[in-house]
Every structure is written in C-alpha cells, then in structure tokens.
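Asker: Dropping a structure here in structure tokens format, bear with me for questions.
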Amino acid sequence: MGEARGADLGEGCRQVRAVDQASEALIRLDGVTRRFGQDTVALDRVSLTIAPGETVAIVGRSGSGKSTLLNILGLLDAPDEGTVVVDGQPLTRTDDATRTAWRAAALGFVFQRSHLIGGLSVRENVALGLRYAATWDGDERSLTSRVDAALADVDLGHRADARASTLSGGEMQRAAIARTLVRGARLWLADEPTGNLDTTQSAEIIELLRLRARQHGAALVVVTHEPDIAALLDRVITLSDGRVVSDTGDRTGGARHEKVLASSGVVPERHAALPAGARTSRRIRRQVARTARFVRQGFAAGPGRTRAGMLAAALAVALTVTALGLSQSAATQVTAMFDARRASQVTATFTHDTGTPRWDLDIDSVRAFPGVTAAERWRQWDFIAMSNGEVAATDAQLNAVDATPASGSDARIRWATSADTHLRPGEVVLGKVLAERLGVTQLDLSPEITIAGQRLRVSGILTEARPGTAVGAAFVTPDTVSGLPPSYTTTVFALTEPGAASLLATRIGLLADPFEEHRLTVDPVLGADAYRGQLEASVSVALQVLAVVASLAGLAGVVLVNILSVTSRIPEFGLRRALGSRRGELVGLVVAECGVLGLLGAGLGFAVGFAAIMVVTAVARWQPVFDPKLALIPLAAVLVFSLAAASFPAVIAARTQPADAVRI
Ligand SMILES: Nc1ncnc2c1ncn2[C@@H]1O[C@H](COP(=O)(O)OP(=O)(O)OP(=O)(O)O)[C@@H](O)[C@H]1O
C-alpha cells in the first residue's frame, strides 16, 4: 500500500521517513498556548501528539478551545507560545509559507459548513482539493479519474455535475470528504462535521470519515460535542478551559498503520529533489495555468459579481471616452463655427486723414461681387456732441448707415430690432446701451431724440450687435448726416456665401475705392480670432476636467464593486488558503480576475463611449472627432483602473486568516 501511494505522489514530492523520530508523531504540540486579546486563553500549555493512522475525538464544553486546537493542528493558526512539530520539523510562528506548504502536502479539512464553492460543480469542488495539493503533478487526465474515484468512494458519483449549492447537508459533507480524500492527505481534520446533520446522517458521515481515513492510512481528528460520535473513534481528548483534562482510548489504531505511513510521508514540494531551476519554472507554469482556470471558474461561479465588475469598468471607461471625445468634438465645433463666420463675413474700414473721402465707397460694386449676399456702408463720426437738452450724451458714436437691402425687400442684414428695420429719413435706431443711457425703453410711445439739431423718431433699438457693431451707437440715414462735419472713417460690411469671403477680402478695397485702396484695413472676423483660441481651450479644458472627474468616479465605482465582491468571498479564500494556496497566489488570482474583468469592461466601455460620441454629435449636428492618440489615455486608464481596482481587494484576500475565514 505504501508503494501504491508512493507511486501516486506527484513528481514534486519525494518519499521520506515521515514520522517524528523522537515520538513517532505525525504532529506534536509542546506546551502550546494560544491567546486572543488580553483575557482569553483559548489553549493553555497543551502538549499532545497525533500518530499516523489514529482516529481522535476532541471533546469539551463550548468555548473550551476545541476549534482553536484543531486550527493549530491543521496549521491554519500558530501558537503564541510552545512548539508545533510536523514530521519532526519544528514550525516557527511566523513561517506562514512553511505551514501553507505543509497544508498543501499533508492536510485535509472537513468543516462544519463544508465550505464548498456553491457556484461550482461538485466535481470541480472536489478537484480543488487536488489542484492545491502538493501531490498533484498537473496532469488533468489523472485528476479527472482521481476525482471520479473519490466521488464514487463517498457514494456521490451521481451528483458529480450538480452545482454544489444544490446538494443536501449530508451530500455536502460527502463532497468535502471526497475533497480531502482526493488529495491523499495524511492528517484529516474535521470540525463538527455533523453539526448541521440529523442523527442518522451524522452516524453515516462519521463512519464514512473513519473508514476512508483508515483505508487511506490517514490520521483523523474530529471535534465534536456528541459523545456517541466520540465513542466511534480510537481516542478521546477532553478539553476544559483550554487544557487537556483527559486523553483516553486505544492508541494502537494508529500503530497498525505506522509502517505503512512511515514510508509514505510527503514533504512540501519545496523540499523536492528536482533541480532548483526546473522546479521553479515548472511551478510557475503550473501556477499560471491553475490561476487561469480559477479565474474562468470564478466568472462562471459568480455570474452576478462578474457582470457587476465588468459593467463598473465599462461605465468608467465609457464616461472617460465620451468626455474626452466630446471635448475634442466641442473644441472642433468652436473652430468650425468661427471658421464658418470668417468665411462669410468681410469688414473693410477706410480711415481718412482729412474729411470725407474724395469718392464715396462703391457699395454697389461690393454687392455685385460673386457670392456676396448683402453689404452695408457706414460712415462714422467719433465724439459728436449731441446736446439740446434732450440728448445729453457727449461720447456716443454716431453712424450713418446705408441700409438698403441688396435685392428687393429681403434684407439679409438683420438689425435685431423688433423687425428688420429700413431706416427712413427722420428716423434713428439706437444701440441698446445708448438707448438705456438716454432713457429710451418703449418704442410704442414714439420717443424722439435730437441729433445735430434734427429731431428724429426712434424706430428701433439694436439689442444684439453684429461683430464690431457698437451697441452704444445711433444709426441714422445719410440724409440726417448731410449737415454733419466730415467723417474720417467709413466701413463696408459684407456677408457672403460660405467660402466666398476670403476672395472678397482680397478685392474689397479695389471694389470699394480703387484710388484709396492703401487706406484699407480688412478684418474678416472683426476681432473674433483673438478669443477663438481661448474659447476653444476653455471648452476643451472644461470637458477634460469632466473626463478626469468621470474617470475618478468610475474608478471609485470599480474599486467598490471589487471590494464588495472580494469581501463576500472571504470564506472561499479561507478555504483556498486551508487547502494550500499561498498568499501570493491568492493575490495573483484576485488581480487576474479584476484585470480580466477590467479589460472586458474596458472593451465594452470603448464601444459604448464611441456610440455616445456619435449620438451626441449627431443630435448636436457636430462633426464627431476622436484623435486615435487619445485612445491611449483610456487604455492607460484601463491598466491603472484594473491595477488600482485590484490592489485593495488583493490586500483583503492576502490578509485573509484561514482560521478566521473558515469559521464564517
Ligand atoms: N479569533 C478569535 N478571536 C477572539 N477570540 C477567539 C477567537 N477564536 C476563539 N476565540 C475564543 O477562544 C475560546 C475558545 O474558542 P473555540 O472556538 O476554540 O472553542 P470551542 O470549544 O471550539 O467552542 P464551540 O464548541 O462553541 O465551537 C473562546 O472563548 C472563544 O471566544
């Protein structure tokens, strides 16, 4: 039998003389004390040995320290004082790695609540016991046959493909026994394994545990409240207030197996006699494959939390992509709007040294130019005093305007008064600011003002100035200004079909005044260029800030979802640790799960973000813009998201104390 088991062992293990030479113990406790806080002494100087193959019951009143003792025997916990010696090797309190390696190599657990992963099949739950075992060589085919054999051994073969959460209490414990069986554990530890079962089922489960442990040459330690169950085992250790008060029974049960066990012991893989390099690369490969499998299983076992994690990541990325894309589109839109105006407006101003120009500007030639839709001509007087008591303003600009439409009555230049205004002799349109200054508010009272001795009816108020139009000006007809002193400035303002403005800008001087072209200043956008860049930048910055805020909000969401998901899995992590998972491997599992979810979510988020950009820009009639280089930002964000979102949960997982976690 020893040889048969030996042949079953994985390459990573080697045969050793396993029993403690001094006491022939599989595990020995010397003066072990375990305290919790200041006041609770859960175990008080406990010394005992567990020999290979013996079956032991630990009994005692509630709170007497039974579970604490089992956790110490199971290397899930370490004593504050005293020594634990496994296979002759003393373990230090701090050496978590060695305890973990021993758990993987030699121990198996059956907990009160069985600690199966409910979303996985029974077969995969049992396989978990072997996947973490140091005795497994990574061969999937041998795994399947060993798992099926273990399931058959506990009479659960017919439920192999069922979800573990659908099993009855008794079936769950059978599955937990199969999980212990399949790993070839040498020490089986069961904490109240029948606590949730009725009397008949309890007896069946204890009998199954006892028989299978014996068949496989394993020692069995069972914590129980029930004397009937204790009576079924070889030896009974009674605890009271953390001390062993009696240790009775037949200890030869174990001795019957000593020879077998002495030749079949295993030590943790790190002691194996393979070359170090080969061992390391082999272990890494196996671990990567194992983690990949666990990640897939984790997604399948918890579809709800998988969806939540993915959607949180998708939302974060979608918000970032949308905000970034819209910021670019909006900035481009501002540019396009300004460019559109620049392309359809031309203003040319002539400044004369003295008096009125020799020739009045030829507005008709401008109007006749291809693409021109409307044109105006202003003459402007600066600082004309208007005073006869009724008009007190002294610095208002006064303009003469030729407002005749380009064709028919379709005036293309809108004055933004109550209606398009065609000024008639004797009338004036006031800029809003000037009107307020003069106290002219209501046109239905037919207000009148006097300029240069002429009484004029206010026919409109200019509420919205075109670029460059002074809302502090008064607009009058040429008749009105005929009596004024000469004007020094004349302006031609033209609107064109889109795109025709730039050509007009090169010709307007020649058209308007071929003799004084050199005095011309052409300002196509009337100063708008100066603040176009600023506006563009402001829009862009505002939306980029929004993108950062959205990213942070999304990141917080992803982190929260991951933390909640991992917190709900503490018992599962405790189980994995109990079965032999190292802290680092657990961290790797959590990071891999969060990372994969982050990447899947990011893909979804990209798609949603792009769709949102298309919809918003289509509704707003914008040109959608997304610089491919900016895709790097969300990509980097995804990596940061995934790592940041995984780091907190990974710390939680790494800090999981198996002894505490399996109590939950
Ligand atoms: N993680 C812990 N933190 C604080 N106190 C603990 C912890 N674990 C155990 N104890 C305390 O140690 C003492 C022994 O607890 P333990 O669970 O070992 O008793 P037990 O005999 O198994 O009890 P029961 O039969 O009720 O499960 C108890 O007073 C318990 O409250």
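Residue numbers for the sequence shown follow the UniProt record's numbering, so the first one is 1 and each next one is one higher.
A virtual CB, placed ideally from N, CA and C, is assigned to each residue, including glycine.
What does Ile58 pair with, by DSSP beta-bridge criteria?
Answerer: Partner(s): Val223 and Ile237.
Asker: Specify which residues have a beta carbon nearer than 6 Å to any heavy atom of ligand 1, listing them in chain order.
Answerer: Result: Phe36, Thr40, Ala42, Gly60, Ser62, Gly63, Ser64, Gly65, Lys66, Ser67, Thr68 and Asp660.
Asker: Is the CB-CB distance between Leu189 and Phe111 below 7 Å?
Answerer: Not in contact: Leu189 and Phe111 (Cβ atoms no closer than 7 Å).
Asker: DSSP has Val625 in a bridge; who is on the other side?
Answerer: DSSP output for Val625 lists no bridge partner at all.
Asker: Considering only C-alpha positions, which residue in the set Ala292, Leu510, Gly584 and Val59 is nearest to Thr656?
Answerer: Checked all of Ala292, Leu510, Gly584 and Val59; the closest Cα to Thr656 is Gly584.
Asker: I believe Ala185 touches Leu26 by the beta-carbon criterion, under 8 Å. Please report the beta-carbon distance rounded to the nearest angstrom.
Answerer: That belief does not hold up - the Cβ atoms of Ala185 and Leu26 are roughly 11 Å apart, past 8 Å.
Asker: Using 8 Å as the cut-off, can you tell me whether the segment 141–153 makes contact with the segment 199–206, which would need three or more C-beta pairs spanning the two stretches below that distance?
Answerer: Output reads no: the segment 199–206 does not touch the segment 141–153.
Asker: State the Cα-Cα distance for the pair Arg305 and Val245, rounded to the nearest angstrom.
Answerer: Spanning the two alpha carbons is a distance of roughly 48 Å.
Asker: Going straight from the alpha carbon of Val619 to that of Val566, what length do you get?
Answerer: The straight-line gap from Cα to Cα measures roughly 41 Å.
Asker: Assess contact between the segment 86–98 and the segment 219–233, defined as three or more Cβ pairs (one per stretch) separated by less than 8 Å. Is contact present?
Answerer: No contact exists between the segment 86–98 and the segment 219–233.
Asker: In whole angstroms, what separates the C-alpha of Asp80 from that of Ala636?
Answerer: Answer to the nearest angstrom: the Cα atoms are 46 Å apart.
Asker: Taking the C-alpha atoms as reference points, what is the distance between Ala313 and Leu187?
Answerer: Computed Cα separation, rounded: 44 Å.
Asker: Using only alpha-carbon positions, find the residue among Thr490, Leu181, Val640 and Val429 that is nearest to Ser551.
Answerer: Looking at the Cα atoms, Val640 is the closest of the given residues.
Asker: Taking the CB atoms as reference points, tell me whether Ala301 and Leu120 lie closer together than 7 Å.
Answerer: Cβ distance < 7 Å, so Ala301 and Leu120 count as in contact.
Asker: Would the segment 134–142 count as touching the segment 154–172 if we require 3 or more Cβ pairs under 8 Å?
Answerer: With a cut-off of 8 Å, the segment 154–172 and the segment 134–142 do not count as touching, because too few Cβ pairs lie within range.
Asker: Please work out which residues of its chain come closer than 7 Å, Cβ to Cβ, to Phe573, disregarding the five sequence neighbours upstream and downstream, and give them in chain order.
Answerer: Leu586, Ala653, Thr656 and Ala661.
Asker: Which residues in the same chain as Val391 place their Cβ atom closer than 8 Å to its Cβ, once the five residues preceding and following it in sequence are excluded?
Answerer: A caution first: Val391 carries a pLDDT of 36, below 50, which makes its placement in the model unreliable, though a value can still be read off. Contacts found: Leu438, Ile449, Thr450 and Ile451.
Asker: In angstroms, rounded to a whole number, what distance separates the CA positions of Arg621 and Ala547?
Answerer: Roughly 22 Å between the two C-alpha positions.
Asker: To the nearest whole angstrom, what separates the beta carbons of Gly242 and Ala42, a pair I think is in contact under 8 Å?
Answerer: Going by Cβ atoms, the distance from Gly242 to Ala42 rounds to 5 Å, so yes, they are a contact pair.
Asker: Cβ of Ala553 versus every heavy atom of ligand 2: is any distance shorter than 6 Å?
Answerer: With respect to ligand 2, the structure shown offers nothing to examine, as its ligands consist of ligand 1.
Asker: Which runs of the beta strand (DSSP E) spanning at least 3 residues fall entirely within the segment 104–190, listed in chain order?
Answerer: Listed in chain order, the complete beta strand (DSSP E) runs (minimum 3 residues) inside the segment 104–190 are 107–110.
Asker: If we call anything under 7 Å between Cβ atoms a contact, is Val236 one with Ala51?
Answerer: For Val236 and Ala51, no; Cβs fall outside 7 Å.
Asker: Would His518 be called buried (16 or more neighbouring beta carbons within 10 Å of its own) or exposed?
Answerer: When all chains shown are included, His518 counts as exposed.
Asker: For Leu75, which residues in the same chain have their Cβ closer than 6 Å to its Cβ, ignoring the five residues on either side in sequence?
Answerer: So the list reads Arg99, Trp102 and Arg103, once near-sequence residues are dropped.
Asker: How many Å lie between Val317 and Ala331 at the Cα?
Answerer: If I take the Cα positions, the gap works out to 21 Å.
Asker: Given a cut-off of 7 Å on the beta-carbon distance, is the pair Gly371 and Thr490 in contact?
Answerer: Contact flag unset, no.
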